[in-house]
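Asker: For reference, the structure I am asking about is given below.
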Amino acid sequence: MKFFVDTADIAEIRDLASTGLVDGVTTNPSLVAKTGRSFLDVIREICEVVPGPVSAEVAATDHATMLAEGRKLAKLADNVAVKVPLTPDGLKTCKALSDEGTAVNVTLCFSAAQALLAAKAGATFISPFVGRLDDVGSDGMQLIAEIVEIYAAQPNLKTEVLVASVRGPGHVIEAARLGAEVATLPPGVLRQMFNHPLTDKGLAAFLADWGKTGQSILSEDDEREPARRSA
Ligand code: G3P
């Protein structure tokens, strides 16, 4: 399963990318607005830090302008995935861009019917928003299960399920169990995934016992090395 990070904060992206666990980045207009920076500069910079797909969303709602914006965004870097909303004009734009060889992420998906249309329009990724469905009393993960099942039953559809609007590690684990190809994680959720109180407790005990031995792995190597050389 691929992990993308759902942020436009370059410092966060650099920090998380250094773990070696980040396969891509998703942004949206709200996340870019939070940075207070130029959208195009931010996308260029993220694309230099993370070699995997970086989603950059169009701002127009009509097909002609979305297509022009999408083409401009795609020229920023080879790893840009143009993000379009799941509307009739958005899917028309998705089809045109994917026919040109541009990766497209179709966003704001809230139903299996929408996901089926996006796949037929050649989307590289479909982004169902699980958290926002949960927020209105619906079941976001049920939608992921439906989309994964539909795409598996239709092998001609090549779209990857990119689980978005993730609220916690539980969403990520469930998405992985269901076979979704990608989850885009807010930085805090990726950090939460490292943590378990028993890991902290176990490590503290191991370190305390190791301290009692009085040994040091590195200094022992350094002491033995000359002896080996002279042998
Ligand atoms: O980037 C799209 C999606 O992940 C947004 O999530 O938390 O605003 O519902 P959220």
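Convert by adding 1275 to the 1-based position in the sequence shown; the result is the number in the numbering used here.
In this text, a Cβ means the ideal position worked out from N, Cα and C, and glycines have one as well.
(1) Classify residue 1293 as helix, strand or coil using the three-state DSSP reduction.
(2) Let me check one thing: in DSSP terms, what residues is residue 1401 bridge-paired to?
(3) If I measure Cβ to Cβ from residue 1303 and keep anything under 6 Å in the same chain, skipping five residues before and after, which residues do I get?
(4) Considering only residues of the same chain and omitting the five flanking positions on each side of residue 1395, which have a CB-CB separation below 8 Å?
(5) Looking at the ligand G3P, does it come within less than 7 Å of residue 1406, judged from the CB to the closest heavy atom?
(6) Taking the alpha-carbon positions, what's the residue 1318 to residue 1329 distance?
(7) For residue 1367, which of helix, strand or coil comes out of DSSP?
(8) Going by DSSP in three states, residue 1410 sits in which element: helix, strand or coil?
(9) Report all residues from its chain with a CB closer than 6 Å to the CB of residue 1351; omit the five preceding and five following residues, and keep chain order.
(10) Could you tell me the boundaries of the beta strand (DSSP E) in which residue 1358 lies?
(11) Classify residue 1479: buried if its beta carbon has 16 or more other beta carbons within 10 angstroms, exposed otherwise.
(12) For residue 1460, report the span of its beta strand (DSSP E) as first-last.
(13) For residue 1296, which option in 1316, 1307, 1327 and 1315 has the closest C-alpha, if you only look at C-alpha atoms?
(14) In the DSSP output, what is residue 1331 paired with across the bridge?
(15) Can residue 1412 and residue 1406 be called in contact, C-beta distance under 8 Å?
(16) Under three-state DSSP, which class holds residue 1277?
(17) Looking at the ligand G3P, does it come within less than 7 Å of residue 1316, judged from the CB to the closest heavy atom?
(18) Select from 1358, 1390, 1389 and 1362 the residue whose C-alpha is nearest the C-alpha of residue 1377.
(19) If you scan the segment 1449-1489 from start to end, which runs of the alpha helix (DSSP H) of 4 or more residues do you find wholly inside it?
(20) Measure the C-alpha to C-alpha separation of residue 1409 and residue 1311 and round it to an integer number of angstroms.
Answerer: Straight from the coordinates:
(1) Taking the first residue of the sequence shown as position 1, residue 1293 is located at position 18. Reduced to three states, the DSSP call for residue 1293 is coil.
(2) On the sequence shown, position 126 is the one that residue 1401 refers to. In DSSP, residue 1401 forms a bridge with 1381 and 1436.
(3) Stepping through the sequence shown from its first residue, residue 1303 is reached at position 28. Taken in chain order, the residues that qualify are 1332.
(4) Numbered from its first residue, the sequence shown carries residue 1395 at position 120. Only 1432 meet the Cβ criterion.
(5) On the sequence shown, position 131 is the one that residue 1406 refers to. True, at least one ligand heavy atom lies under 7 Å from that Cβ.
(6) Counting from one through the sequence shown, the residue named residue 1318 turns up at place 43. Counting from one through the sequence shown, the residue named residue 1329 turns up at place 54. Approximately 8 Å between the Cα atoms of the pair.
(7) Here residue 1367 is taken as the residue at index 92 of the sequence shown, counted from 1. Three-state result, residue 1367: helix.
(8) For the purposes of this step, residue 1410 is taken as the residue at position 135 of the sequence shown. Helix, per DSSP.
(9) Locating residue 1351 in the sequence shown gives position 76, where the first residue counts as 1. Closer than 6 Å at Cβ, skipping near neighbours: 1318 and 1319.
(10) Indexing the sequence shown from 1 puts residue 1358 at position 83. Per DSSP, residue 1358 belongs to the beta strand (DSSP E) from 1355-1360.
(11) Within the sequence shown, the letter at position 204 stands for residue 1479. Answer is exposed; the Cβ neighbour count stays below 16.
(12) Mapped onto the sequence shown, residue 1460 falls at position 185. That run of the beta strand (DSSP E) goes 1457-1460.
(13) Here residue 1296 is taken as the residue at index 21 of the sequence shown, counted from 1. Nearest of 1316, 1307, 1327 and 1315 to residue 1296, Cα basis: 1327.
(14) Sequence index remark: in the sequence shown, residue 1331 carries index 56 (1-based). Residue 1331 pairs with 1357.
(15) To locate residue 1412, count along the sequence shown from 1; it is residue 137. To locate residue 1406, count along the sequence shown from 1; it is residue 131. No, Cβ-Cβ distance for residue 1412 and residue 1406 is not below 8 Å.
(16) On the sequence shown, position 2 is the one that residue 1277 refers to. If DSSP states are grouped into helix, strand and coil, residue 1277 belongs with the strands.
(17) Translated into positions along the sequence shown, residue 1316 becomes position 41. No; taking the cut-off as 7 Å, the Cβ of residue 1316 has no heavy atom of the ligand G3P nearer than that.
(18) Taking the first residue of the sequence shown as 1, we reach residue 1377 at position 102. Here the closest residue by C-alpha is 1358.
(19) 1462-1469 and 1472-1488
(20) Residue 1409 sits at position 134 when you count from the first residue of the sequence shown. Residue 1311 sits at position 36 when you count from the first residue of the sequence shown. So the alpha carbons of these two residues sit roughly 29 Å apart.
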